[in-house]
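Residue numbers (my numbering), protein chains in the order written: chain E, 1 to 213; chain P, 214 to 426; chain S, 427 to 639; chain B, 640 to 852.
In structure tokens:
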């Protein structure tokens with residue numbers, strides 16, 4: 001089995017992106033699972049073509065995209081991608097789409113097809129701060145997540161796919177008073193566990209990890 | 214024009230629900246808009262039948278459901294409802310569905326059809342803390358919001374619909390250390406402004422109010 | 427008995443100060459307690475002379491100074507004032523003292539002489555979000571609190587004194603994403619309760635309201 | 640030169656204490672500075688005798704005590720210790736003193752004699768999240784910090800002393816939803832930098848690191 005894992009370029013004034021730094025530290029194999037990685041531009045227009053090219057080149061069984069979530073304390077496997085672009089800040093190419101669909105003909109949302117509940121339990125068991133998230137935002141992260149799942153649905157691709165948001169690195173939080181952070185090794189370990197769980201099982205556990213509001 | 218506005222019963226150990234307290238303080242008219250209100254049970258099974266009965270009885274032009282979001286600082290008009298029930302705690306009838314759909318045959322999500330961006334600008338202009346939210350959670354609030362929009366879509370109902378989460382009341386926060394809160398009068402004022410904006414305009418403004426993550 | 431209550435001018439780019447707005451709404455009497463109020467400039471040099479002049483003019487039994495704490499969710503009666511000025515931003519006269527003492531010959535700190543534990547219990551009983559705070563910061567609020575208690579100690583003044591921080595008003599939080607806030611009426615009610623408790627009792631209750639860290 | 644560094648036993652239901660875990664990872668030397676470490680019980684009565692015995696045994700030039708602050712995102716060198724015990728929870732020996740002095744004859748507070756501003760700048764430069772804190776709470780951490788400085792003052796000890804709070808470890812935050820955390824290696828690196836700066840300089844930098852409230 002093969003997993004394709006992506007991380008983003010720095011954006012929003014940052015000089016690093018924790019997702020890319022963590023992805024770069026992944027091993028080439030996790031047990032039997034081959035791991036290949038891909039850097040994605042933090043831009044609406046350029047991100048999906050690069051993701052799709054990597055998918056076509058690698059023909060993966062699992063695709064996990066990762067991105068930065070600066071205000072979060074926890075690793076955040078995402079449950080759902082929504083069909084909207086609503087950019088509070090310009091992306092790395094200067095684009096700032098507002099209330100535009102990711103895919104004109106796409107459904108309102110896609111749910112992840114990775115076993116995120118099982119992965120959350122395994123990560124928590126391993127001592128990692130983690131929680132299922134019910135919103136990937138409305139910027140490039142959600143755009144890539146939606147675009148990934150739309151590709152899977154419309155091309156009848158065989159891979160299972162998902163997205164995980166990760167906190168700032170300590171070196172980023174050093175410049176943002178009160179911002180939480182997580183060491184790159186901790187983030188990378190979380191990604192590895194999620195991948196290992198996804199390689200082991202195709203269906204998810206049914207355990208409560210919802211949000212009251 | 215007529216608006217139907219709902220609030221929930223207390224749940225989760227609380228003795229009041231800020232949504233219901235605020236809805237009870239709404240005037241019977243806002244300009245030309247007639248306002249009718251309905252209490253909903255905080256329970257998966259019982260909530261939608263009561264909502265649907267009220268819709269059929271009142272035949273409203275606008276339906277706004279409101280609910281409690283204990284950790285929020287702001288009034289939170291919701292952008293999207295998702296087709297999932299994932300209850301971290303039991304509802305008021307003891308049910309705790311996990312990873313069950315709201316509507317077996319429904320789409321993954323519905324977007325609000327109320328002009329929430331225009332309403333956010335008007336509320337902020339009026340000095341209210343407010344932000345568009347991209348997740349209504351996975352408990353009874355999201356369930357009711359999804360069920361509302363599913364009814365509108367499948368019955369080809371003429372109303373426009375949406376949901377707003379509201380913070381704890383001060384008397385609730387008094388028992389939850391560090392919890393933010395909002396006075397019932399402030400919440401009620403926010404609901405009034407949202408209703409007035411929805412009565413005035415059917416299409417929304419295109420202004421950036423998105424979330425990076 | 428007579429209480430002198432102060433609030434500050436707006437500072438730090440704000441156009442209102444919740445402490446001053448709340449103090450302006452206080453009644454002239456609370457039971458037998460006469461209430462007089464005083465506006466203080468948000469400036470190190472100018473604040474204490476105005477406070478001391480008001481004390482000498484009014485000869486109060488109780489002095490309560492109040493100030494804005496923008497990130498707090500709760501009314502925060504302060505336990506202790508420390509002998510330091512360390513200004514992160516310039517005050518309203520452009521001064522920005524760093525690591526300078528409030529009183530060259532003063533002790534490291536003063537504890538409040540108001541019954542803040544009893545007041546916290548009474549406010550909580552009345553449904554107000556409230557907690558004892560163990561730091562009034564290092565800006566003009568702490569400066570005034572320290573200066574108040576230093577005056578009491580060195581002049582052997584008969585009044586009992588203290589300080590309470592209060593959250594932003596909603597109209598301020600409207601311009602600060604995610605910032606908590608509190609209605610001016612709620613803040614004013616908290617001040618009234620604190621004053622009433624201070625008028626009733628000179629010694630405090632011994633109940634745990636400490637902070638682990 | 641020699642530094643004595645202390646960390647606490649786990650308390651409050653935790654099975655590890657980040658301060659102790661980090662202190663255990665310190666090297667025996669940092670440049671010319673010899674580093675010796677000491678575990679302290681998380682108990683009012685037992686902690687200071689053990690600290691004083693270690694001081695007398697080691698005769699250090701620098702004493703840095705460290706402790707856990709579960710809600711913080713940042714390394715927090717403390718500015719001031721106050722003369723109060725106010726325990727929200729029982730300590731590890733079951734004691735829960737409320738509004739009792741640490742030292743009956745001591746002053747209201749002591750300021751640290753370590754160069755915390757210089758250390759904050761050096762840690763931030765090294766990419767660590769850090770901020771000066773103006774309250775060490777009112778539990779055993781503040782008790783030990785106050786007791787340390789009281790010993791220095793009353794015994795005319797030659798050491799300079801201080802305290803730093805540190806966040807939860809990730810494995811602790813895994814069990815506390817939304818709690819921030821920091822890797823033990825990051826915490827240990829922060830302690831090393833603080834010690835190196837304290838060994839290099841006896842006076843502090845005068846730079847603004849205050850809190851508005």
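Cβ coordinates follow ideal geometry from the N, Cα and C atoms, glycine included.
What residues are listed by DSSP as bridge partners for residue i?
i, result
"residue 161/E", "63/E"
"residue 112/E", "Answer is none; residue 112/E lacks a bridge partner."
"residue 504/S", "559/S"
"residue 7/E", "39/E"
"residue 428/S", "460/S"
"residue 281/P", "379/P"
"residue 394/P", "607/S"
"residue 91/E", "Its beta-bridge partners do not exist; DSSP assigns none."
"residue 318/P", "DSSP, once it has assigned bridges, lists no residue as partnering residue 318/P."
Counting contacts by CB-CB distance shorter than 8 angstroms, is residue i in contact with chain P?
i, result
"residue 134/E", "yes"
"residue 495/S", "no"
"residue 89/E", "yes"
"residue 80/E", "yes"
"residue 210/E", "yes"
"residue 482/S", "no"
"residue 13/E", "no"
From which residue to which residue does the alpha helix (DSSP H) around residue i run?
i, result
"residue 786/B", "779 to 793"
"residue 470/S", "470 to 484"
"residue 658/B", "657 to 663"
"residue 596/S", "596 to 599"
Kindly give me the distance between the Cβ atoms of residue i and residue j, rounded to whole angstroms, as I take these residues to be in contact under 8 angstroms.
i, j, result
"residue 643/B", "residue 697/B", "5 angstroms"
"residue 703/B", "residue 834/B", "6 angstroms"
"residue 521/S", "residue 471/S", "6 angstroms"
"residue 659/B", "residue 646/B", "3 angstroms"
"residue 619/S", "residue 578/S", "Not confirmed; about 23 angstroms, so no contact."
"residue 360/P", "residue 315/P", "6 angstroms"
"residue 466/S", "residue 476/S", "6 angstroms"
"residue 852/B", "residue 493/S", "7 angstroms"
"residue 300/P", "residue 352/P", "6 angstroms"
"residue 379/P", "residue 362/P", "Wrong, their Cβ atoms sit about 19 angstroms apart, outside the cutoff."
"residue 468/S", "residue 541/S", "So it is not a contact: roughly 27 angstroms between Cβ atoms."
Would you give the residue range spanned by the beta strand (DSSP E) that residue i belongs to?
i, result
"residue 203/E", "Looking at the DSSP string, residue 203/E is not in any beta strand (DSSP E), and its letter there is neither H nor E."
"residue 524/S", "524 to 526"
Any Cβ of chain S within less than 8 angstroms of the Cβ of residue i?
i, result
"residue 830/B", "no"
"residue 260/P", "no"
"residue 394/P", "yes"
"residue 746/B", "yes"
Measure from the C-beta of residue i to each C-beta in chain E and report whether the shortest distance is under 8 angstroms.
i, result
"residue 767/B", "yes"
"residue 380/P", "no"
"residue 752/B", "no"
"residue 352/P", "yes"
"residue 420/P", "yes"
"residue 810/B", "yes"
"residue 274/P", "no"
Which residues in the same chain as residue i place their Cβ atom closer than 8 angstroms to its Cβ, once the five residues preceding and following it in sequence are excluded?
i, result
"residue 179/E", "70, 71, 168, 172, 173"
"residue 330/P", "345, 417, 418, 419, 420, 422"
"residue 60/E", "2, 3, 4, 36, 159"
"residue 539/S", "575, 578, 586, 587, 588"
Which residues in the same chain have their Cβ closer than 6 angstroms to the Cβ of residue i, if we skip the five residues on either side of it in sequence?
i, result
"residue 750/B", "719"
"residue 549/S", "556, 616, 619"
"residue 223/P", "229, 230"
For residue i, which residues from the same chain have a beta carbon less than 7 angstroms from its beta carbon, with the 5 sequence-adjacent residues on both sides left out?
i, result
"residue 614/S", "448, 451, 452"
"residue 784/B", "704, 717, 720, 775, 802"
"residue 321/P", "295, 296"
"residue 610/S", "444, 447, 448, 451, 595"
"residue 478/S", "577"
With a threshold of 8 angstroms between beta carbons, is residue i in contact with chain B?
i, result
"residue 6/E", "no"
"residue 435/S", "no"
"residue 524/S", "yes"
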